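What follows is a short report on a single structure.
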Amino acid sequence: MKRRTLTSSVLASAGYDPAARILELEFVSGDVYRYWIVPERVWRGLWEAESAGRYFGEAIRDRYPVEKVS
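Take the working numbering: the last position of the sequence shown gets the number 1361, and nothing is skipped along the way.
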């Protein structure tokens, strides 16, 4: 999945597959996680958020099934 760079102290990049509703996040640590069944509005919200890290904590973390990719 192609990811785009984020300006964040927590997240390095993010990508989204709207057909599969998969959100892929790369953290500044280098860890990559896939979040499943994520609505497109959440993806848009991440990009529009003033703080991507805060948005992640409030709207994504612990809300969707997740798997560590690397």
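C-beta atoms are modelled at their ideal positions from N, C-alpha and C, and glycine is treated no differently. Every value quoted in this text rests on a predicted model; they were computed, and no experiment measured them.
- Beyond the five residues adjoining it in sequence on each side, Gly1344 comes within less than 7 angstroms, by CB distance, of Ser1299, Ser1300, Val1301 and Leu1302 in the same chain, given in chain order.
- Taking Thr1296 as the centre and dropping the five residues before and after it, the same chain places the C-beta of Ala1303 and Ser1304 closer than 8 angstroms to its C-beta, in chain order.
- Rounded to the nearest whole angstrom, the C-alpha separation of Arg1332 and Glu1358 is 21 angstroms.
- Between the alpha carbons of Tyr1346 and Ser1361 lies a gap of roughly 22 angstroms.
- Distance from the CA atom of Trp1334 to the CA atom of Met1292, rounded to whole angstroms, is 14 angstroms.
- Distance check between Arg1352 and each of Val1329, Glu1339 and Glu1341 places Val1329 closest, using alpha-carbon atoms only.
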